[in-house]
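Remarks on the structure that follows.
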Amino acid sequence: MTERRAPAERCFTSPAVEAAIARITAEMADTQLARLFANALPNTLDTTVDFSDGSRPDTFVITGDIDAMWLRDSTAQVWPYLAFARADARLQRMLAGVVNRQVRCVLIDPYANAFNKGHEGSQWSTDQTTMRDELHERKWELDSLCAVLRLSHGYWQATGDTSPFDTDWARAMALVLQTMREQQRRDGAGPYRFQRLALSPTDTLPFDGEGWPARPNGLIRSGFRPSDDACQYPYLIPANFLAVTSLRQLDMLATALGQSSLAADARALAREVEAALPTAGVLPYETDGYGNALFMDDANVPSLLALPYLGCMPADDPRYLATRNFVLSADNPFFFEGRAARGIGGPHCGLGMIWPLALTMQAMTSTDDTEILKCLTMLKHSDAGTGFMHESFHQDDASRYTRPWFAWANSLFGELILQLAAERPQLLRERLPPA
Numbered sequence: 415m416t417e418r419r420a421p422a423e424r425c426f427t428s429p430a431v432e433a434a435i436a437r438i439t440a441e442m443a444d445t446q447l448a449r450l451f452a453n454a455l456p457n458t459l460d461t462t463v464d465f466s467d468g469s470r471p472d473t474f475v476i477t478g479d480i481d482a483m484w485l486r487d488s489t490a491q492v493w494p495y496l497a498f499a500r501a502d503a504r505l506q507r508m509l510a511g512v513v514n515r516q517v518r519c520v521l522i523d524p525y526a527n528a529f530n531k532g533h534e535g536s537q538w539s540t541d542q543t544t545m546r547d548e549l550h551e552r553k554w555e556l557d558s559l560c561a562v563l564r565l566s567h568g569y570w571q572a573t574g575d576t577s578p579f580d581t582d583w584a585r586a587m588a589l590v591l592q593t594m595r596e597q598q599r600r601d602g603a604g605p606y607r608f609q610r611l612a613l614s615p616t617d618t619l620p621f622d623g624e625g626w627p628a629r630p631n632g633l634i635r636s637g638f639r640p641s642d643d644a645c646q647y648p649y650l651i652p653a654n655f656l657a658v659t660s661l662r663q664l665d666m667l668a669t670a671l672g673q674s675s676l677a678a679d680a681r682a683l684a685r686e687v688e689a690a691l692p693t694a695g696v697l698p699y700e701t702d703g704y705g706n707a708l709f710m711d712d713a714n715v716p717s718l719l720a721l722p723y724l725g726c727m728p729a730d731d732p733r734y735l736a737t738r739n740f741v742l743s744a745d746n747p748f749f750f751e752g753r754a755a756r757g758i759g760g761p762h763c764g765l766g767m768i769w770p771l772a773l774t775m776q777a778m779t780s781t782d783d784t785e786i787l788k789c790l791t792m793l794k795h796s797d798a799g800t801g802f803m804h805e806s807f808h809q810d811d812a813s814r815y816t817r818p819w820f821a822w823a824n825s826l827f828g829e830l831i832l833q834l835a836a837e838r839p840q841l842l843r844e845r846l847p848p849a
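Take 415 as the starting number for the sequence shown in this note's numbering and just add one per residue.
Take a look at the structure:
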């Protein structure tokens, strides 16, 4: 049984991905879990990809039920397909198109998080910031630019192809570094402001749109989290860890391309940020440089839970283990437990709402088979019979969910099953408990 679009209605089809679905589902003992995987892994290809081939391929990737492209989401949505790029030339061209489109977006505005395909304008056009018709939303999120670096490096590593890394790409990378340095705010507030007339304080920034004060210390400020919620303290620690990793990836790629100046700039900034990161104990989610810290975690990636997945630290690092124990406990104010599941949510969808992203990430960063099977069981029962992952669902009732079409959650779940098939195939031969 499948809830996918009919083949003729799919936006893009990859024979390599379809072959992997057929091969892996044939080995899965739990038919409901196999159905979820078969629906989820290709969901981005089936429903969100607008690919135009040519001398410079272009791929616009919507998030799902919002007709706009987020830099962070688009990277995460296509990430599992990198593994199939060498076996599928057209898929590789489509992925190159995502890199190219992200470059184009950065050159339009490095402070924006979400973009239109063209000049359609946005419901957020009245936000008090420098809006343009090409922008869907202009929330400054450090992880958005990190996602661009991550995809460029990931594409290069997966394919060996350097064709996307042209003059426009180099200009965009220089703009990424400039923007990150501006948001270290060593010499004043910088150019970014954002305010919105909103019922929730998580949807706007205080103090004339500059955000809460922070003491410059080498970390990079973020106005908003990967959830698109405003930061309480401006130094978002998971995003700064990811910035170090992503800047080092840029250094590696730029060095291979012979762009020594770009590589040196990326390397120097990575060192500055790394030197300012917390070094011991449970890691905070946000800090302000004045000694204040917020201890919590949010389901959206980058999160503290996701640090090993993102390559920021080993899964057995004592800091990570202490932090993981904290964020997966009742001491995390956004860890919820009820009759349907137990897991991490966040402010974005409200109290009591657990995110499949976080359950998937818990499984992907676990080294314990029992924990992984528990996560798979909760994920299996979180779909409310729809056959897809959702943005969030209520801790006591999975039929109370948000966003029935949220491609990021589907891609990440598909990536989890691919990871288990490669590393722990015996777990996919388990029949999971019924609801």
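Each residue gets a CB set at the ideal place from its N, CA and C atoms; glycine is no exception.
Buried/exposed call for residue i, threshold 16 Cβ in 10 Å
i    : result
Q776 : buried
A689 : exposed
A499 : buried
F474 : buried
N739 : exposed
Q592 : exposed
H762 : buried
S675 : exposed
Q663 : buried
S428 : buried
Option in the options with minimal Cα separation from residue i
i    : options                : result
L559 : A657, L697, D665, F820 : A657
R733 : G725, H762, L841, V696 : V696
V431 : A482, A422, Y495       : Y495
A713 : L773, D487, V590       : L773
M545 : H567, Y569, F608       : F608
E829 : Q491, S428, S717       : Q491
Q673 : P640, T618, A628, D580 : D580
G625 : D643, G632, N631, L613 : D643
D479 : N457, R600, M727       : N457
R599 : W493, I634, L563, V562 : I634
E423 : L765, V463, T439, I438 : V463
P630 : M803, A694, G705, T781 : G705
M803 : L447, A443, S428, T427 : L447
A823 : P605, P847, R419, V715 : V715
DSSP bridge partner residues for residue i (one or two, in chain order)
i    : result
G478 : F820
F750 : G757
M483 : F529
E700 : L650, L708
A644 : F638
I768 : F807
L723 : A small correction: the amino acid at residue 723 is Tyr; Leu does not occupy that position in the sequence shown. None; Y723 has no bridge partner.
D606 : A small correction: the amino acid at residue 606 is Tyr; Asp does not occupy that position in the sequence shown. Answer by DSSP bridge pairing: none, since Y606 is not bridged.
First through last residue of the beta strand (DSSP E) which encompasses residue i
i    : result
I758 : 756-758
S806 : 806-808
D460 : D460 -> not in any beta strand (DSSP E); alpha helix (DSSP H) instead, spanning 457-461.
E551 : 549-551
Host alpha helix (DSSP H) of residue i (start-end)
i    : result
F740 : 732-741
A798 : Looking at the DSSP string, A798 is not in any alpha helix (DSSP H), and its letter there is neither H nor E.
N654 : 651-670
T581 : 581-596
D782 : Counting along the chain, D782 falls outside any alpha helix (DSSP H), and DSSP gives it neither H nor E.
F498 : Per DSSP, F498 belongs to no alpha helix (DSSP H) and is neither H nor E.
Distance between beta carbons of residue j and residue i, contact taken as under 8 Å
i    : j    : result
L770 : L793 : The question names Leu, yet the displayed sequence has Pro at residue 770. About 6 Å separates the two Cβ atoms, so the contact holds.
Q809 : F750 : 4 Å
Y649 : E700 : 6 Å
L842 : A835 : 6 Å
Q516 : T573 : About 16 Å; that fails the 8 Å criterion.
A388 : A680 : The structure shown does not extend to residue 388, since the chain is modelled only from 415 through 849, so no value can be given for it.
D782 : R838 : D782 to R838, Cβ: 11 Å. No contact.
I651 : P692 : 7 Å
V396 : V520 : Nothing about residue 396 can be reported from this structure: the residues present for the chain run from 415 to 849 only.
F451 : A482 : 27 Å between Cβ atoms; not a contact.
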